[in-house]
Structure formats: C-alpha cells, structure tokens
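UniProt numbering numbers the first residue of the sequence shown as 1 and each following residue consecutively. Structure first, commentary second.
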Amino acid sequence: SSCVLGFDLVLKMYVIETLCPLFNLSGFLQIKRGDYESEVVVFGSSAAQQKVKEMIDDLMADGSSQFRSGMKKGFLYSSGYGGSKQFPDQKCLSSNLCFLIFSILKSSDLPPLKKKFYTEAKSVAMLTTEEVDEWRKENNNIFVDDLKEEGEKRSIPNPCRTFLEAFELYPEIMDNIHRVGFTKPTPIQSQAWPVLLSGEDLIGIAQTGTGKTLAYLLPGFIHVDGQIVAERGGPGMLVLTPTRELALQIEAECSKYSYKGYKSMCIYGGGDRRGQVNVVKSGVDIVIATPGRLHDLQMNEIINLRSITYLVLDEADRMLDMGFEPQIMKILLDIRPDRQTVMTSATWPPGVRRLARSYLKDPMMVYVGTLDLAAVNTVKQTVLFVHEEEKKSYVFDFIRNMEPQDKVLIFVGKKIMADDLSSDMCLQGLIVQSLHGGHEQCDREEALKDFKDGRVRILVATDLASRGLDVFDITHIFNYDFPRNIEEYVHRVGRTGRAGRSGIAVTLVTRENWRMAPELIPILERAGQEVPEELVLMAERYEKHKREKEMYSPRGGGGGGGGGGRGRGGRDRGRNWEF
Numbered sequence: 001s002s003c004v005l006g007f008d009l010v011l012k013m014y015v016i017e018t019l020c021p022l023f024n025l026s027g028f029l030q031i032k033r034g035d036y037e038s039e040v041v042v043f044g045s046s047a048a049q050q051k052v053k054e055m056i057d058d059l060m061a062d063g064s065s066q067f068r069s070g071m072k073k074g075f076l077y078s079s080g081y082g083g084s085k086q087f088p089d090q091k092c093l094s095s096n097l098c099f100l101i102f103s104i105l106k107s108s109d110l111p112p113l114k115k116k117f118y119t120e121a122k123s124v125a126m127l128t129t130e131e132v133d134e135w136r137k138e139n140n141n142i143f144v145d146d147l148k149e150e151g152e153k154r155s156i157p158n159p160c161r162t163f164l165e166a167f168e169l170y171p172e173i174m175d176n177i178h179r180v181g182f183t184k185p186t187p188i189q190s191q192a193w194p195v196l197l198s199g200e201d202l203i204g205i206a207q208t209g210t211g212k213t214l215a216y217l218l219p220g221f222i223h224v225d226g227q228i229v230a231e232r233g234g235p236g237m238l239v240l241t242p243t244r245e246l247a248l249q250i251e252a253e254c255s256k257y258s259y260k261g262y263k264s265m266c267i268y269g270g271g272d273r274r275g276q277v278n279v280v281k282s283g284v285d286i287v288i289a290t291p292g293r294l295h296d297l298q299m300n301e302i303i304n305l306r307s308i309t310y311l312v313l314d315e316a317d318r319m320l321d322m323g324f325e326p327q328i329m330k331i332l333l334d335i336r337p338d339r340q341t342v343m344t345s346a347t348w349p350p351g352v353r354r355l356a357r358s359y360l361k362d363p364m365m366v367y368v369g370t371l372d373l374a375a376v377n378t379v380k381q382t383v384l385f386v387h388e389e390e391k392k393s394y395v396f397d398f399i400r401n402m403e404p405q406d407k408v409l410i411f412v413g414k415k416i417m418a419d420d421l422s423s424d425m426c427l428q429g430l431i432v433q434s435l436h437g438g439h440e441q442c443d444r445e446e447a448l449k450d451f452k453d454g455r456v457r458i459l460v461a462t463d464l465a466s467r468g469l470d471v472f473d474i475t476h477i478f479n480y481d482f483p484r485n486i487e488e489y490v491h492r493v494g495r496t497g498r499a500g501r502s503g504i505a506v507t508l509v510t511r512e513n514w515r516m517a518p519e520l521i522p523i524l525e526r527a528g529q530e531v532p533e534e535l536v537l538m539a540e541r542y543e544k545h546k547r548e549k550e551m552y553s554p555r556g557g558g559g560g561g562g563g564g565g566r567g568r569g570g571r572d573r574g575r576n577w578e579f
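And the structure:
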C-alpha cells in the first residue's frame, strides 16, 4: 500500500536527490515532481506511512522536538522560486530523518518482539537500599544510572548476587554454569543481568577481564529463545566486535554455554568467505562479526539482518578507533529499531557517547570503578627507564628469570619488531610465537591457540592482541615498546590480573616516550602503584617543554592546552555521565 504526502518541492528535491541514494530509500519513497509543488509517495504499512508523515511534519515544524537532539542551526536551501526555507544540515537530517524513516518502513511487517524475561527473586526484592549500596561499594564500587532523558526515571534493579537469583527459572543456563565451574558472578554480571532480562538497553563500562562477555551473552540466549523462531527468517542475535580474535573468543564462549542447540557462527575478514557464506545460508541463530565483513555480506544480500532483535556493540570504543562507524551505521539501518541493544566499552569518550545517543533507546548504564581511564588494581605495574639499545638485554634478562609456570605477553609497536624479536628468541633456543596483522589468519589462530593451551609461554604481539585477548592465565605483561596512547597502555595491562588473579606488568620507558609521562602518572596513582621519581621528573620536563613551545609558537601560545583533554578529574560524576 502507499500514501501521498504533500510537501513543497524543496524538501522533496533534497530527499530524493541527496538522501534516498545514501540510505537506499528509493524502494520506499517516490517523488512525483511538478512545476511548483510535488508529491511524496510512501510505500509500506498504514502504521508506517502515518509514522513517516508525523516525522516529516515534526521536522518541518518550528521548535521540532523529534530532531532536537544534536540539531544544528541549519542552513538556507533555496527552491529557486523566490523563496527559501531553513532545513537542518545534511549530516543531521541524514542521521535522524532518513535513519528513522528507513527503519520504520523496513520493519513494518516484522513479527512482534518480546523483551521482558525477568522475575525478581524474593531474596533480591527484599534487599534494602542500604544493603544494595553497601554491596555495590564492596564490589569494585559499581555504579548504575538511568540515562532516560524524558519522563520519570525508572527504578534501578537490585543486583543478583548469585547465579540462582538471576537464572532460577532457566535450569539449562544453571546446568551450564555448574558444568563450567563458576561459583559467583562478577560485579558487572550481577548488575547487568536484571537490567537486560528486564528488556532495557544497556551501556556497560568496565575494565578488561571483568566478565562483560557473559554479562550480555546469557540474557541474549534467553532473549533469542523467547522470540517466534518460525517467523524470524534469520539470526536473532548479533554481536559486533572490532577484531577477528575477539569474535572467535566470543564464539567460543557461545559454544561453551550452548543453549538449547542454538547455532552460532563467526563472520570476519581474512577468513574463508565462501565457507562463511555457506554457513549463513544454512541458517544460524547467533552471529558474531567484525563490521567490515558483515557489511560486505549485507551489501551483497547474503545475510538477513531484519531478523536481529538483540544487538551487542562490543568494545565500541575500539571499533570507533579503528574507523568502523560508517559500516556500523549501514549495518544498523537493516536492523529493526525496536531491538534491544547492548554497548560495552572500556572507556567513555565523546565518540562512544555519541554512538550511544544515536543507537540506544533510554539506556541504563552500569560501570565498574570509575568512568575515568584506569588500569586494573590487581596488577603490579613496574616502570623501567632504559635507552633504546638496552631493550633487548632487558627483555632477555626478564625471560631468564621467569618461573616454569609463568606466561608472558610481550608488546611491541611494529610488526617488523615482533618478527625480529621472536626470531632472536628462537635463535636463543626459546619456544615463542608472534602475533600481528601481517600474518595469515590461520597462523594467527595457531599462535593464539598455542599460547592459550600453554604449548608456548612467550607471545610477542602488536596492539592487535591487546583488546579482547581472552587468556586467563597470563602472569606477566612486558611492554617492550610504550604504546601510542595511554588507552592502549591500560588495555595491554588488562591482559593480566584477570578473573580475580594477580599479575605483573613491566614497562620499558625511553626518553622518546616523555610525552606520555604526564598521563601515565595518574593511571599508576589510581591503581595504588608506586610512581618512580624519574617519571615525575620526566613529566615535569615535558610540561615545561610544552609551555615553552606554546609561548614561542607563531600563535603566541593562545591556543591553550585546555587542561589535558582526557577529563582526568573524574570525581565530578555529573559531567562524566553526559552523553
């Protein structure tokens, strides 16, 4: 069916010429042009047509509320007929109007969606406010907030302190938990499960190794099982991840906690594309994918994403860092807008806030510890000051002093250094593997498996391995090269000290790394680590150098550093919360 909307030529010309091709709306909107006015024909269900009409009416009205969020002042777009009209700028209109029109029209014929699966246990309901506050304080100072912007705030669910409190009604989940041998949920799991099982969108901010994967997987299994499979016509759950390594690890977790025979698969670049296509066509329930390869299959109409009702954006900060936002946006265009969405991140920078604001609906936020960047406090961090030419002797001394049960992950800055250092170690008779983006996928998987299984206890890697590397028994991190930014330092260190274990991180610092000293000091301080005097002096020298450089720069130093730019003074929770 279709309906005709009467709008002036300016809007229709703008939509048809600029936005329809960009968002592939041509199948849903048709413009019939006239000399001075024209008609927009909208195809879809009656409800969808009415919704689109209301959206465009709202957009064109003064003081629009539908598109107020993120709206810029706009620009004048002349119709050529003696008048002009003010429109939102192209970027804003693209990300609001067309995204919503596309989503509504594409999902208008989809089956109903069920989201609520939570029944609060009596022991959870009986917790007093004081008991809940005390539990959260004792469990890594976990904090929860309702980010709903309009209307009354919702009550925050009490935490589930045991697996039984969360999954008593799901015996198959409990059987899998007992089989694996877990005895107690992690703090983020305890607080995230009641939120997700209640059907709410969730933002989870936590350090690496805190159990974020299981926090969204188990509610995801229950959610998928609660939908009408016969009417779905494709996978029900999608997990987007930044790297193939993380995708493979999440898929392994899906298999470990397999629920009611639901089939999961990985889609990632560098793998067997034809094999992945064949698996997709044979039918899957859960897809774990990197954005690039999934977008490839989406554009070639190999995978149906309209059936997705449970979406996870895992390590969203890393996906933005890697430039995946355009692919994510196009992927989400095919996913129904009333889905349930989970976003996890180790940090809360402006880009992640913007992503959350665009794609999550009235989310709740759970964070463990602090919204500021902080390394895990279960890791002893040691900083050594060396010259560049001394690095190899330091790392070989370290390896000679390793205990037989120790397992070390050595981080380097470049692929050529990973190959060079691992070759030198092989010549010394050491059993070692290297891992970086220049290796074939099969070689990378083999290196990771050897390290994970303990056949190799030394792994030399680039930062490719610093995110999502799920090897629980790494005892040491050795930063041979200092990372390019302080975020990567935190993620490297987070590869050890996981699941309640302790770990050790050794970092070599050269004179060339002095610009990182001012940012490293607060990381060490917040984790309760000793700050070497040399690091303090290095930071002071760098800050002095920076001030002098600004003073004598052509602009006269007026550019101002703005106080560090990373929001270190994170004690003011109110500002750190903001989207």
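We treat Cβ as the ideally placed atom computed from N, Cα and C, and that holds for glycine. Model, not experiment: these values are computed from the prediction.
| Check | Outcome |
| --- | --- |
| Residue from R400, E550, M343, V277 whose Cα sits closest to the Cα of N304 | V277 |
| Backbone secondary structure at Y552 - three-state DSSP | coil |
| Separation of D321 from G270, as counted between CA atoms | 20 angstroms |
| Three-state secondary structure assigned by DSSP to K407 | coil |
| Beta-carbon spacing of G503, T496 below 9 angstroms | yes |
| Short Cβ contact (9 angstroms threshold) for M402 with R484 | no |
| Identity of the residues DSSP links to A289 by a beta bridge | L240, I267 |
| Beta-carbon proximity of V287 to L214, cut-off 9 angstroms | no |
| Beta-carbon separation (whole angstroms), V412 vs T462, contact threshold 8 angstroms | 6 angstroms |
| C-beta contact flag for G151 and I188 at 9 angstroms | no |
| Stretch-stretch touch, CB-based, cutoff 8 angstroms, three pairs: the segment 253-271 with the segment 193-209 | no |
| Rounded straight-line distance, which links the Cα of I328 to that of Y340 | Per the sequence shown, residue 340 should be read as Gln rather than Tyr. In a straight line, the C-alpha of Q340 is about 16 angstroms away from that of I328. |
| Other residues of its chain near A447: CB distance less than 8 angstroms, five sequence neighbours each side excluded | Q433, S434, L435, H439, V456, L459 |
| Any beta strand (DSSP E) of 3 or more consecutive residues that is wholly inside the segment 338-406 | 340-345, 364-367, 379-385 |
| Neighbourhood of K115 by C-beta distance below 6 angstroms, restricted to the same chain and skipping five residues each side | G199, Q340 |
| Top-ranked residue by Cα proximity to K449, from E120, E389, F472 | F472 |
| Buried/exposed call for D453, threshold 16 Cβ in 10 Å | exposed |
| Proximity of C254 and A289 at Cβ, strictly below 9 angstroms | no |
| Cβ distance (whole Å) where V386 is taken to contact L508 below 8 angstroms | 5 angstroms |
| Inter-stretch contact (C-beta, 8 angstroms, three-pair minimum) for the segment 168-176 and the segment 137-150 | no |
| Residue of H491, L240, D481, L218 minimising C-alpha distance to K256 | L218 |
| Span of the beta strand (DSSP E), counted from its first residue to its last, around Q433 | 433-435 |
| Buried versus exposed call for A316 [16 or more other C-beta atoms within 10 Å across all chains shown] | buried |
| Beta-ladder partner(s) of L202, from DSSP | V342, M364 |
| DSSP-derived helix/strand/coil call for H476 | strand |
| Distance CB(L355)-CB(E325) smaller than 9 angstroms | yes |
| Any 3 or more C-beta pairs closer than 8 angstroms across the segment 258-265 and the segment 307-316 | no |
| Sub-9 angstroms separation of D362 and E131 beta-carbons | no |
| Contact set for L113: own chain, Cβ-Cβ below 6 angstroms, skip 5 residues either direction | T309, D338 |
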